[in-house]
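Peer 1: Sharing a structure below in C-alpha cells format, with a few things to ask.
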Amino acid sequence: RAWWPLLEDLPLNAMCAELARFDCADPARALYLFLLGNDQRRHLAGHFEDIDLNRIELKLPFFDAELVRSFVEAPLDLGLGHGLYMRFFEQLPAPARAVAWQTYPGHEPCPLPYPDGARYQWGRDSRPRRRALRRAWATVGLRLIRRKAIPEQVMPRSALWRALLLTLTGLSDQAWLLREAELMNHYFQCSAGRFQPPASVGKRNSAPAQQHS
31 RAWWPLLEDL PLNAMCAELA RFDCADPARA LYLFLLGNDQ RRHLAGHFED IDLNRIELKL
91 PFFDAELVRS FVEAPLDLGL GHGLYMRFFE QLPAPARAVA WQTYPGHEPC PLPYPDGARY
151 QWGRDSRPRR RALRRAWATV GLRLIRRKAI PEQVMPRSAL WRALLLTLTG LSDQAWLLRE
211 AELMNHYFQC SAGRFQPPAS VGKRNSAPAQ QHS
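For the sequence shown, the working numbering assigns the number 31 to the initial residue and increments by one for each residue that follows.
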C-alpha cells in the first residue's frame, strides 16, 4: 500500500501534537479543548463548505465566542454530566424550558416530562432506523468497491470490505469510514484526473541514515 507507511502513524502523532499545544494544569481540560477544536468545530464544516450553495446562515448561539469562553473558564467538574449546561438553562427565559429535550444516558435528566410517542435516540425503538442507516452506508461502500472508485494505494478495498461487513452485521458501526470514502470519491471526481496517487512508496528504512562528508 503505497501511502500506508506515511499515513499509519499520522492520526496518533497529530493527536499527541495537538494535545501538547494546551498547557493545562488539569490534563482533562486539555482533552476538552482538543474536542472543542477538533470535534465540535467540525460539526459545522459541511455547512460552511456549502454556504455559497445553500445561501443559508445558521444562528448558532452555543458557538458564540464569549459564551464558549465562559464555559471553558468554568470549573471542569461542573460541566460533567451536562451539569453546567443545566444550570445555564435555568437562567434562560421560561419559553426556552417549555419543551422537553433529550438527555444522554447517565447525565442530568430533563426536568420536563416527555410527550407521548417521543422517541429516545438510544432506546430500542430507534434501532430500526439505525439499522436502515447502516444498510444505506453499506450500499454506498459496495458501490465504491464495485466501481473501484478510490485508488487502492489511498484506501485498500480490503479496508472498505471490512468496514462494510462490520457495519452491515451490526458488529461495529464503521459508517464513518464509508462516509469518508464517499467524500474522498467526491474529491477524486472533482479533480477530473488532475490528481494521480504515486505508484509506490519505498519501505521505511529502519537503519540510520549514513552521513557523507
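Just so it is clear, CB atoms sit at the ideal spot from N, CA and C, and this is done for glycine as well.
Bear in mind that the values here come from a model prediction, so they are computed numbers and not experimental data.
Three Cβ pairs or more, each shorter than 8 Å: is that satisfied between the stretch 133-147 and the stretch 107-121?
Peer 2: yes
Peer 1: Taking the continuous alpha helix (DSSP H) assigned at R159, which residues delimit it?
Peer 2: Here residue 159 is taken as the residue at index 129 of the sequence shown, counted from 1. Boundaries of the alpha helix (DSSP H) around R159: 157-177.
Peer 1: Quick one: grab the DSSP three-state call for T133.
Peer 2: Counting from one through the sequence shown, the residue named residue 133 turns up at place 103. Note: T133 maps to coil in three-state DSSP.
Peer 1: Would you check if there are 3 or more beta carbon pairs closer than 8 Å linking the stretch 43-51 to the stretch 84-101?
Peer 2: no
Peer 1: Under a three-way DSSP split, which group does A185 fall into?
Peer 2: Here the question's residue 185 lines up with position 155 in the sequence shown. Note that residue 185 is Met in the sequence shown here, rather than Ala. The answer is coil: DSSP assigns M185 none of H, G, I, E or B.
Peer 1: Keeping to the same chain, check which residues put their C-beta closer than 8 Å to that of A55; ignore five residues upstream and five downstream.
Peer 2: Taking the first residue of the sequence shown as 1, we reach residue 55 at position 25. Around A55: no qualifying Cβ.
Peer 1: Run the CB neighbour count on A239, radius 10 Å, all protein chains shown included, and call it buried at 16 or more, exposed below.
Peer 2: Walking along the sequence shown from the start, residue 239 turns up at place 209. Confidence in A239 is poor, its pLDDT being 39 and thus under 50, which makes the residue's placement unreliable; the coordinate value appears in the next sentence. Its Cβ having fewer than 16 others within 10 Å, A239 is exposed.
Peer 1: Considering only the beta carbon of each residue, do L198 and R164 sit closer than 8 Å?
Peer 2: Position 168 of the sequence shown, counting from 1, holds the residue named residue 198. Position 134 of the sequence shown, counting from 1, holds the residue named residue 164. Cβ distance < 8 Å, so L198 and R164 count as in contact.
Peer 1: Residues in the same chain with beta-carbon distance under 6 Å from R59, minus the five sequence neighbours each way, listed in chain order, please.
Peer 2: Looking up residue 59 in the sequence shown gives position 29. Correct list, in chain order: L106.
Peer 1: In three-state DSSP terms, what is L122?
Peer 2: Indexing the sequence shown from 1 puts residue 122 at position 92. Coil, per DSSP.
Peer 1: Short check: CB of L194 to CB of L208, under 8 Å?
Peer 2: In the sequence shown, counting from the first residue as 1, residue 194 sits at position 164. In the sequence shown, counting from the first residue as 1, residue 208 sits at position 178. It is a contact, given that the beta carbons lie within the stated cut-off.
Peer 1: Under 7 Å Cβ to Cβ from Q151, same chain only, skipping five residues before and after it: list those, please.
Peer 2: For this step, residue 151 is matched to residue 121 along the sequence shown. The residues are Q132.
Peer 1: Between A179 and the rest of its own chain, which residues show a CB-CB distance below 6 Å, the 5 nearest in sequence each way excluded?
Peer 2: Reading the sequence shown from its first residue, position 149 is the one you call residue 179. Cβ within range, chain order: N215.
Peer 1: Among residues of its own chain, excluding the 5 on either side of Y144, which ones have a beta-carbon nearer than 6 Å to its beta-carbon?
Peer 2: Mapped onto the sequence shown, residue 144 falls at position 114. Result list for Y144: A130, in chain order.
Peer 1: Identify whether L37 lies in helix, strand or coil by the three-state DSSP scheme.
Peer 2: Position 7 of the sequence shown, counted from the start, is the residue given in the question as residue 37. Looking at L37 - three-state DSSP - the assignment turns out to be helix.
Peer 1: Rounding to the nearest angstrom, what Cα-Cα distance links F118 and Y134 in this structure?
Peer 2: Here residue 118 refers to the residue found at position 88 when the sequence shown is read from its first residue. Here residue 134 refers to the residue found at position 104 when the sequence shown is read from its first residue. So the two alpha carbons sit approximately 17 Å from each other.
Peer 1: Alpha carbon to alpha carbon, what distance is there between D69 and L213?
Peer 2: As a first step, residue 213 must be located in the sequence shown, where it is residue number 183. As a first step, residue 69 must be located in the sequence shown, where it is residue number 39. Answer to the nearest angstrom: the Cα atoms are 18 Å apart.
Peer 1: Distance, Cα to Cα, Q241 vs N43?
Peer 2: The residue you call residue 241 lines up with position 211 of the sequence shown. The residue you call residue 43 lines up with position 13 of the sequence shown. Below a pLDDT of 50, predicted positions are generally treated as unreliable, and Q241, at 40, falls in that range; no measurement from the model is reported.
Peer 1: In whole angstroms, what separates the C-alpha of L122 from that of A75?
Peer 2: Here residue 122 refers to the residue found at position 92 when the sequence shown is read from its first residue. Here residue 75 refers to the residue found at position 45 when the sequence shown is read from its first residue. Rounded to the nearest angstrom, the two C-alpha atoms are 28 Å apart.
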